[in-house]
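The numbering used here puts the sequence shown at residues 3 to 118. For every residue, glycine included, the Cβ atom is placed at its ideal position computed from N, Cα and C. Below is one structure; the comments refer to it alone.
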Amino acid sequence: FNITIYHTLCTKCFQTFRCDTFPDGEQYMTDSPEVQCWTPTHVGMLSTAIVYTLVIILGTPALLLWKIHSMQSDGTLHTADALRRWSFAHYCYEADYKWWEVMLLLRRFVVAILAV
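In structure tokens, the structure reads:
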């Protein structure tokens, strides 16, 4: 998820905020020039992008950070159930760097913002 899909989701969400102004004063989306900015279609796309950004793009790192922290606090981080469900986010890192996967996601988030 974090390597292939997360960066693409970030980029696609942020692209909905980019509009180009043409000489006649009309604004169209940079990456979808058939969509005029601030029309109901564009506002719907913006609404979806905002929800996606809050729930998926920012929610995923927050969930991982919370889950790793809570499992580490109550001592269940290395149980069979926790490893089966959450090892993708922390198992390959040393004990002091269990949160590093969250840092990688946030780095991809920043790169996507800067790229758009």
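Taking a cut-off of 8 Å on C-beta distances, the segment 17-36 does not touch the segment 68-75, as fewer than three cross pairs fall below it. Under the three-state reduction of DSSP output, Asp-83 falls in the helix class. In terms of Cα proximity to Gly-61, the closest of Thr-6, Ile-115, Phe-111 is Phe-111. CA-to-CA, the gap between Met-73 and Tyr-99 works out to about 14 Å. By the Cβ neighbour-count rule, Val-53 is exposed, with fewer than 16 other Cβ atoms within 10 Å of its own.
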